[in-house]
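Notes follow the structure.
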Amino acid sequence: MATSSSSSSSSFNKRVTKDRELIDEVFSWSLDAVLNEDHYKGKVNEIQERFSSTTAYMRSFIMPLLEETHHALMSKIKTISRAPTRGIINVSNFPTLFLESKSRGSYEPEVGDLIVLTNEKPRCIRDLNRTNGGLNYVVAMVKWVKDDKIQVVSSKPISFRGKECNKGGKPMLFAVHVVNLTPNINISQALHSKLDGKNMKIINKLLQTDPKGSKECSLCSIQHTKKSASLNLKQTMNTFDLNKSQKTAVWSCILARECPHQETVKLIWGPPGTGKTKTVCCLLFALFKMRCRTLTCAPTNNAVLEVSSRFMSLVKTSLEYNTYGFGDIVLFGKGERMKIGGFPELNQVFLENRVSVLAGCLSPTSGWRNKAGSIIKLLKYPKDEYNLYLRDARKVDDDASDEEEFELRDYNTGHRDIHGKEIIWKEKVFKNTKKLSFGDYITKKFNILEEKLTAMVTNLYTHMPTCFLTLPLANKMMRVVNLLRNTLEGVEISEENMESMNELVVMKKELFQVLEEVLCETVSFPKFKNDHDHEIANFCLENACLIFCTASSSIRLHKIKTNVELLVVDEAAQLKECESLIPLQLSGLRDVILIGDEMQLPAMVESRISKEKKFGRSLFRRLVSLKHPTHLLNVQYRMHPMISRFPNQKFYGKKIFNGPNVIKPNYTKQFLEGDMFGPYSFIHLTHGEVEFDETGSGKNMVEVAVVVDLITRLYKENIAEKRKISVGCITPYKAQVSAIENKLADFYETMEAGKHGFSVNVKTVDGFQGCEEDVIIISTVTGIGSRSIGFLSTDQRANVALTRARYCLWILGNGDTLWNSRTVWSPLVNDAIKRRRFYVGDEDERLERAINQRNLEVPKMSSKGDENGCLSNGIAEISLREEAGSSSSSSGLFLEGPRALPKDTKY
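The opening position of the sequence shown corresponds to residue 521 in this note's numbering, with each subsequent residue numbered one higher.
Structure follows, in structure tokens:
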């Protein structure tokens, strides 16, 4: 985003942005270009299904990527007055900038952030327009962050200073955050062949237009693979309780892994509730047992956390030797952004945590070897250790940690520094002068050392890769832990029994022997240099067997010495194809497994132009459209049959069967009285209008009132019957989410949300993918006279909304609008009527009161009639005529437009 006085072709710009094609392009945009919605109009071509060459394939994504980047920047720059900022107090070492101290709500820089450096905080977009006397500014990207320092690469050098001088720490410039470009930069590098892996085998395989190239190897078979698989693996697979379709999918992938004759790309199609995550985790567990070096990616942090968490729960119940083996599993990403704190079960495999743990264990001065030496010395020469303590009873060993007994005091060394000033040391001393007895001292110091050494040894066999720590060595370490805990347990220590008690002598001898063996066998452990955190992280990644991360983050693996044999992409239908090219180019990759469902939500694309040109299409979806073979998981275990009926028929061609659990009579649950609140119902609301805010987000307050009433009644049912109920409310608009949450705020305090086994989750459709609840209430945000149903119109979004419920699905909305929408909701309303699951909200007394109360709060707008008519008679007539065998159109719905009824007509 160049200013009017700078040029993107300057030598400075070229020098600092070498090999950064996307950043060079961004820096070349003027402010007018950024604000021009049609900047790339006519330059973006549709991404085809087939490609003539690898070069054509890569190039097809470049212009859509630039358009998407441009759109994101345009959206953010328009609201720059609300962007987070941070003062800069020193630019003397440019491009290193020193930031003012962080305060609440201030900008926290991240690598990849595009920022604007200005001499004043911009109050509006016009402030950046230099032709109108606007602010001086420079566009830059953050290269690294350390404490309160950042280093940037910019469109040009800073040639201006702020109005305030750097006195008293006052900012002289401001950094204004615009957007983070890291994901798009990573994609750009993949498209321009800048990745270190440069493995094109799989990509060439994907460009084969003949589906026959994707068939099973003629030299291998599933039966042969099962025979050659170890007995242990067969037994493990049998314990997973997989159905036939799941077993076929898993064994087919194992066959691909075992086949040395060709690269393979496998597709597993997992509709909602069919155990997709379970299948993926069972497959990963089999690959883990086979020691196959596997990378598991997903589009988002949430998806990565979900699959890794489920996998770890499987691993923890199957490990034979405590936590030994966790060191072969690594999950990495930015902890704060991932919100890893909500998944404590992942602490033992999360890379940031592992680096910290191993750094402490392997420290040459305070690590586990140091503690082992100290405990050997204490037990071998206890009298000498006690005499040292007596020599200066006020001093305490560094290992002491009881802050209640010790304090820091000044100690005059008797020396002076080069300036003649006395050198004073701080030392930890006893608060009282009472000396410990021999037994108390030995016991106390041993307990401190035992606690630290036990923790470090346990951490070592938990976090070290098994290629560096063998099973026999791990067993010795576990023996050390057991001996440490039992050596002085229940023993009264005195100078006499320290050497005379037979049991203690035997225990000490065994402990010394095992400890010394372990010390000897671990000399091969790596020694890390100054930048040990970075080295330890690379060490863990290079030696891991299973790695979990987002597809974008996998770019990190290109920079280390490692070969990934197999790639698993979970939620593959939500991943843009160009983004999948990052892990697909990893060195050593031979096999790829894509798991997803193209009938659910695709990747998020903000630019209308890019969306129209199929920039958001996934590799999974493109391969399905090319008739690439897929393994369909065809048994669903989530939804009551009345809920699954319509999605199965509409989206999956009746290919999905109900699992044995959902067809049992006890799977039917009646949480509220009345037929309206059975497993499946459409609740027609004849009142209420849609209001839109300045962002175009809609809300319908009548639907809000009904939602709150239903949740209130469910909570009372939860208390009265003491039954757990999880409720999800799905709606297409953020404004409706906010309106519902605001109305529930007071109610939440009253009901003590989360207690008594009752929970409520209110999200947009996009936020609910992958979730499930006992009861789902869909607020469609449709009203009288509405001509559009907005976000709900797409089949994928409707499918997600309709497939989240376990026991009850209640759909709220204006049936007229949905029936006339000529989208998937038209047959849904018709289907509800045919199945006699269509209800009018006013027929329920509680709902009628809630609706009337809402109507009293807001003056009712005068009715001018609905050109689409009223649902109440129209659809009823058509439905009855269809049941009587009358002729109908091909859609079975739009025979005639529904007729408007007088206001006093009752349905």
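By construction, the Cβ of each residue, glycine as well, lies at the ideal position given by its N, Cα and C atoms. Just so you know, these numbers come straight off a predicted model, no measurement behind them.
Where S1145 is concerned, the enclosing alpha helix (DSSP H) starts and stops at L1139 to S1145. For M661, the enclosing beta strand (DSSP E) has its first and last residue at Y657 to K666. For T1337, the enclosing alpha helix (DSSP H) starts and ends at G1335 to W1339. A residue is called buried once 16 or more other Cβ atoms fall within 10 Å of its Cβ, and P864, having fewer, is exposed. Sequence-distant Cβ neighbours of L634 in its own chain, meaning closer than 6 angstroms and more than five residues away, are M661, V698, V699 and L701. Its chain contains K1028 as the residues whose beta carbon lies nearer than 6 angstroms to that of L899, once the 5 sequence neighbours on both sides are disregarded; these appear in chain order. For H983, the number of other beta carbons within 10 angstroms of its own is at least 16, and it is reported as buried.
Secondary structure at L542: helix, using DSSP grouped into helix, strand and coil. Cβ atoms of A879 and I1056 come within 8 angstroms of each other, at about 6 angstroms. Annotation: the continuous alpha helix (DSSP H) that includes L1004 extends over L991 to N1006.
The C-beta distance from G1116 to N1083 rounds to 25 angstroms, too long to meet the 8 angstroms contact threshold. DSSP places Q1190 in the coil class of the three-state scheme, outside both helix and strand. Residue pairing by DSSP puts S1279 in a beta bridge opposite S1246. Comparing alpha carbon positions, the residue from R1141, Y901, E640 and M976 closest to I567 is R1141. Membership of W789 in any alpha helix (DSSP H) is not indicated; the residue belongs instead to the beta strand (DSSP E) covering T784 to W789. Counting other Cβ atoms within 10 Å of its Cβ, R1317 reaches 16 or more and is therefore classed as buried. DSSP, read as helix, strand or coil, puts V1125 in coil.
Inter-segment contact for the stretch 1098-1108 and the stretch 1071-1087 is present: three or more beta-carbon pairs are separated by less than 8 angstroms.
The beta carbon of I1067 sits closer than 6 angstroms to the beta carbons of L815 and V850 from its chain, once the five residues preceding and following it are set aside; these are given in chain order. Assigned with DSSP and collapsed to three states, F581 falls in coil, not helix or strand. Within the model, the alpha-carbon separation for G795 versus V835 is close to 18 angstroms.
Residue state for H1052 is assigned as helix, using DSSP reduced to three classes.
Your pair H1151 and W789 checks out as a contact, with CB atoms roughly 7 angstroms apart and the cut at 8 angstroms. Judged by DSSP in its simplified three-state form, G880 adopts helix. Contact between the stretch 1350-1357 and the stretch 1220-1228 is absent: fewer than three C-beta pairs spanning the two stretches fall below 8 angstroms.
In this structure, the CA atom of P1199 is about 48 angstroms from the CA atom of M578. Here the stretch 1034-1041 does not lie against the stretch 866-886, with fewer than 3 beta-carbon pairs under 8 angstroms apart. Residue pairing by DSSP places E1118 opposite no residue, since no beta bridge is assigned to it.
In this structure, the CA atom of L866 is about 9 angstroms from the CA atom of S833. Put simply, the backbone Cα of Y657 is about 5 angstroms away from that of L637. Between F1135 and E588 a beta carbon distance of about 6 angstroms is seen, short of the 8 angstroms cut, so the two are scored as contacting. Annotated as proximal: V1144 and L787, with beta-carbon spacing under 8 angstroms. The C-beta distance from T974 to L1004 rounds to 5 angstroms, short enough to fall under 8 angstroms. In the DSSP annotation of this structure, T1206 is not part of any beta strand (DSSP E), being labelled neither H nor E.
Under the three-state reduction of DSSP output, T599 falls in the coil class, being neither helix nor strand. Here H697 carries a strand assignment [DSSP, helix/strand/coil].
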